[in-house]
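As structure tokens, the structure follows; a few thoughts come after it.
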Amino acid sequence: MAKYSDIKGFTVQTVSSDPVASQISGGSWSSGGNLPGPRDETTGAGTLTAGIQFGGYSPPESAYKPETFEYNGTAWTEGGDMSNARSNFGGLGTQTAALAIGGQNPAITANVTEEYDGSSWTAGGTLPTPLVSNYGATGTQTAGLMIGGFSPATPGAHAETLVYNGSSWSDTGHDVPATLDRNGATGTSTAAMTGGGRAPSATNAFNIYNGSSWTSITNYPTSGYHFQLQGPYTDTIVSGGYPLNTNSNWWDGTSWTSAPSMSNNHGQAAKANSTAGATSGDGFVAGADPSSLNGTEHWNSAPPVFTKQVEGQLFFNSTTNTFKETITDFPGATWASAASMNQNRGRAGFSTNVGTPTTHVAFVYSGNVGPGSPGKTVNAEQYNGTSWTEVAEVNSVRGTVGGGGTLTASTFAGGEIPASPSNSSAHEQWDGSSWTETTELNVARRANVGFGATSGAVLQASGYTTTAVAITEQWDGSSWSEKSDQNEANYGRGGTGTVTDGILFGGWPQVVKTETWDGTSWTEVSELNTGAEYRAPSGNSSALVMASGGYTTTFTANVEFWNGTSWTEIANLGTARSNVSGTGSATTGMAIGGQSGPPTQITTVEETTVGLGNKTITTS
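Residue numbers for the sequence shown follow the numbering used here, beginning at 725 and rising by one.
Right under this line is the structure:
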């Protein structure tokens, strides 16, 4: 327990409501000034007080429009017309430096780009590919991005990320993970977000871009397209879209939180892009509501009540008169279905350290695939947060193996050979493209546990030879060496961590025992609440870990969270299963495949994202 003498001198902020809820819930949508004319399939950019809307389609006239409207936060005035009337196109920039990209109009080629200087439009560089439905545009006039879109020339949706340097377009070579069009976008050329769209059906996938690669993040609560995105990818408001709705949600860089709804449906609407260092703060959406094609709505954020949430912050809630602490809310975590694997499997090898605090990624290989001969697989596949992709097969057929590492540097060893069955000492390493057989384990075994953060520093612990063993071996990149034994011989355990900070739990038959590894020796610590074998781990160290599923006297959906001191039961998996693979961090955990009943191996995948919560501090 903290003492006053330890914390005096720190300022504890006073707020009227808990910050996890109040940071976004205090914001609101309000009606703004009407556009001079009705618009659908339009686009926009800028900010709430210096906004711009241009082009679009006017249903009453059945006409493509060239007009530009400028906004001061209260009223719209007409600016210079584009040379090419168009709708269903990309737009980015500011009120005095905007870009109109591609678009739809039988009278023009869809690769036309125009630049706006605050009074008039001039021709810009042409797109490498004609694009319509290319709403995934963001950035500035001299550093713009165009993400995805539909090409009438091909035809089909695209995955390219194009960059504009102020005069010409080029392909970055960094494709978004899936082809898509009518996706939303926000950010800069080196810090962008895109989400939703048709790929080819409506999707809820979201991805972020760092200038060199795309990374999948937690899926949006609903699937759709024509989402309006405002703010950087660490602080984004997403609103509207098709199917028509008034919903808004906030992305804080880690998770989604429901935000106040708009008054009207805004699908193919213009929006403030808020790119250059902005927050989700203030912006607009304009047009495209069937009942109000010239209507505008403003997003007005609430005044900041608390600095950005991180675990361990202290604050005083003046409404409840309580001191509270911001914590990682494991009890509040829930599981959601994710894309299924291509190959059903249980007792697979899996790399336990591939996840980060904000992404769901996975790597599984080998494993049991059912009764009969051989009953094992050499298949390997990876998950990018959206879909599974099969990669190069392992060299030898086996199941019940132990693995560790990352998407580009993994290793696994041991396992059960189909014939006999017998135990294996084989060891294979993955370099990102292929598997290579290398130095074998000293002790052949199966049902062993592997973990480690790199392919050059891996631990293999416990397992079964002709009996349960407590053997620990460590790989240093060139050879295996035996280390201190566990306190209890066992197999079918769960485990994760690194070669200096690991954890083992459970095992056969329905064991509750937990041991931690400090790089030298094993220590028995607090036991599981529910004993089970073949449980899935999620976590990158012994500090924060989830244990999911397993077999008690039946297949179980039980999940427990280890906080470094004790286990707590939290929300169950959606599917009870044993022999389950697990990966990721404790806050972005995954339960992959497994066995749901004899002899059925499954492809089912579930993932959880743990957000922040508030804990009342009690005194004694």
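Just so it is clear, CB atoms sit at the ideal spot from N, CA and C, and this is done for glycine as well.
Every value quoted in this text rests on a predicted model; they were computed, and no experiment measured them.
_Taking a contact to mean a Cβ-Cβ separation below 8 angstroms, would you say Ala996 touches Gly770 in this structure?_
yes
*asked:* Assess contact between the region 932–950 and the region 872–882, defined as three or more Cβ pairs (one per stretch) separated by less than 8 angstroms. Is contact present?
replied: Three or more beta-carbon pairs separated by less than 8 angstroms are not found between the region 932–950 and the region 872–882, which leaves the two stretches without contact.
*Hey, out of Thr978, Asn969 and Gln992, whose CA is closest to Pro984's CA?*
Asn969
_Coarse secondary structure for Ser748, derived from DSSP in three states_ = Sequence check: residue 748 is Ile here, not Ser. In this structure, Ile748 counts as helix in the three-state DSSP scheme.
*Three-state secondary structure (DSSP) at Pro1261?*
Strand, per DSSP.
*Just the Cα atoms here: how many angstroms apart are Ser1202 and Asn835?*
54 angstroms
*asked:* Can you tell me whether Gln1319 is buried or exposed? The criterion is at least 16 other CB atoms within 10 Å of its CB, across all chains shown.
replied: With 16 or more Cβ atoms within 10 Å of its Cβ, Gln1319 is classed as buried.
*Assuming Ala1137 contacts Gly1317 under a Cβ cut-off of 8 angstroms, what Cβ separation, rounded to an integer in Å, is found between them?*
Not really, about 20 angstroms apart at Cβ, beyond 8 angstroms.
*Nearest to Gly897 by CA position, among Thr885, Thr903 and Asn907, is which residue?*
Thr885
*Identity of the residue in Glu1331, Thr1327 and Trp1286 nearest Leu1297 by Cα*: Glu1331
*With 16 other Cβ atoms within 10 Å as the buried cut-off, status of Met725*: With a pLDDT of only 40 at Met725, under 50, the local geometry of the prediction cannot be trusted, and the value read off the model is given with reservation. Looking at its Cβ environment, which holds fewer than 16 other Cβ atoms inside 10 Å, Met725 is exposed.
*So the beta strand (DSSP E) Met917 belongs to, where does it begin and stop?*
Ala915 to Gly919
_Applying the 10 Å Cβ sphere with the 16-neighbour rule, what's the burial state of Thr1052?_
buried
_For Glu1105 and Ser1064, the rounded distance between their alpha carbons_ = Each residue's alpha carbon lies about 11 angstroms from the other.
_Exposure of Lys1048, with buried meaning 16 or more beta-carbon neighbours within 10 Å_ = buried
*What beta strand (DSSP E) runs, 3 residues minimum, are completely inside the region 790–860?*
792–795, 800–802, 814–818, 821–825, 837–840 and 845–847
*How is the beta strand (DSSP E) around Met870 delimited, first residue to last?*
Segment Ala867 to Ile871, the beta strand (DSSP E) holding Met870.
*Please name the residue, chosen from Asn1024, Val1182 and Ser940, that lies closest to Ser755 on a Cα-to-Cα basis.*
Asn1024
*Going along the chain, which residues of its own chain have a beta-carbon closer than 7 angstroms to the beta-carbon of Pro967, five neighbours each way excluded?*
Gly948
*asked:* Between which residues of its own chain and Asn808 is the CB-CB distance below 6 angstroms, once the five residues before and five after are set aside?
replied: Ile832 and Val836
*Which residues bound the beta strand (DSSP E) around Gly964?*
Unbroken run through Gly964: none, as it is neither H nor E.
*Opposing strand residues paired with Gly1129 [DSSP bridges]*: DSSP lists Ser1134 as partners of Gly1129.
*If we count Cβ pairs, one from each stretch, closer than 8 angstroms, do we get three or more for the region 1139–1146 versus the region 1103–1119?*
no
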